[in-house]
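Q:
In UniProt numbering, the protein residues as written are 1 to 169.
1. Mind checking which residues open and close the beta strand (DSSP E) that includes residue 20?
2. Along the alpha helix (DSSP H) that carries residue 75, what are the first and last residues, could you check?
3. With H, G and I counted as helix, E and B as strand and the rest as coil, what does DSSP make of residue 122?
4. On the three-state DSSP scale, how would you describe residue 130?
5. Let's test the definition: count the other Cβ atoms within 10 Å of the Cβ of residue 86 and tell me whether it reaches 16, buried, or not, exposed.
6. Extract the residue ranges of the alpha helix (DSSP H) inside the stretch 7-51, only unbroken runs of 4 or more that lie entirely within it.
7. Please determine, among 1, 26, 8, the residue with the shortest C-alpha to C-alpha distance to residue 32.
8. If contacts are defined as beta-carbon pairs under 8 Å, then residue 146 and residue 121 qualify, I think. What distance do you get, rounded to the angstrom?
9. Once DSSP output is grouped into helix, strand and coil, what is the label at residue 109?
10. Only counting the same chain, and skipping five residues up and downstream in sequence, which positions put a Cβ closer than 8 Å to that of residue 14?
11. Below 8 Å between beta carbons: does that hold for residue 119 and residue 132?
12. Please tell me whether residue 42 and residue 83 are closer than 8 Å, where the distance is taken between their beta carbons.
13. Looking at the strands, I want to know which residues DSSP matches up with residue 138.
14. Locate the alpha helix (DSSP H) running through residue 144, then write down its first and last residues.
15. Please classify residue 81 as buried or exposed, where buried requires at least 16 neighbouring CB atoms within 10 angstroms.
16. Could you check which residue in 36, 158, 8 has the C-alpha nearest to that of residue 124?
17. Roughly how many angstroms lie between the CA atoms of residue 164 and residue 46, to the nearest whole one?
Quick look at the structure:
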């Protein structure tokens with residue numbers, strides 16, 4: 001939860017062109033309230049015009065408020081799975097094909113290039129296929145499972161080859 005609150009607070013600063021490094025509270029009892037405040041600030045910051053320019057921590061890449069909205073949707077979704085992993089039955093959430101495919105696309109075509117990751121992979125879901133570079137790895141399956149696989153979370157996707165060069169941040 002502390003990580004997610006930090007990321008939300010960091011994204012608020014980027015979305016409004018005032019980068020900040022949020023400081024978490026020292027007491028564990030204060031983390032939930034801190035996260036709630038960061039969540040509300042994020043909703044407000046991302047409520048701006050999606051085409052408005054935003055601060056880019058990625059040299060050579062421009063970023064908009066809409067880019068941060070998309071990035072935070074997927075960051076939050078992946079960490080939701082992490083939180084649900086603490087449940088006795090594990091994660092219960094299944095993401096729709098539309099959301100999961102967008103997350104796959106965001107990971108492969110937006111995040112990896114900005115982080116300097118070389119994506120030599122072929123990724124296939126029933127709805128879409130991405131071929132990047134000279135595929136040294138292949139991932140296929142239901143969009144939800146492929147999404148999880150790319151983010152290094154438990155999944156049922158078929159993976160051949162090495163995904164380490166794409167390792168999620």
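Note that beta-carbon positions come from the ideal geometry of N, C-alpha and C, so glycine has one too.
A: On the basis of the coordinates in this document:
1. Unbroken run through residue 20: none, as it is neither H nor E.
2. 65-84
3. strand
4. strand
5. exposed
6. 31-46
7. 1
8. With a contact defined as Cβ atoms closer than 8 Å, residue 146 and residue 121 miss out at about 11 Å.
9. helix
10. 54, 55, 56, 57, 63, 68
11. yes
12. no
13. 122, 160
14. 143-150
15. buried
16. 158
17. Whole-angstrom Cα-Cα distance: 32 Å.
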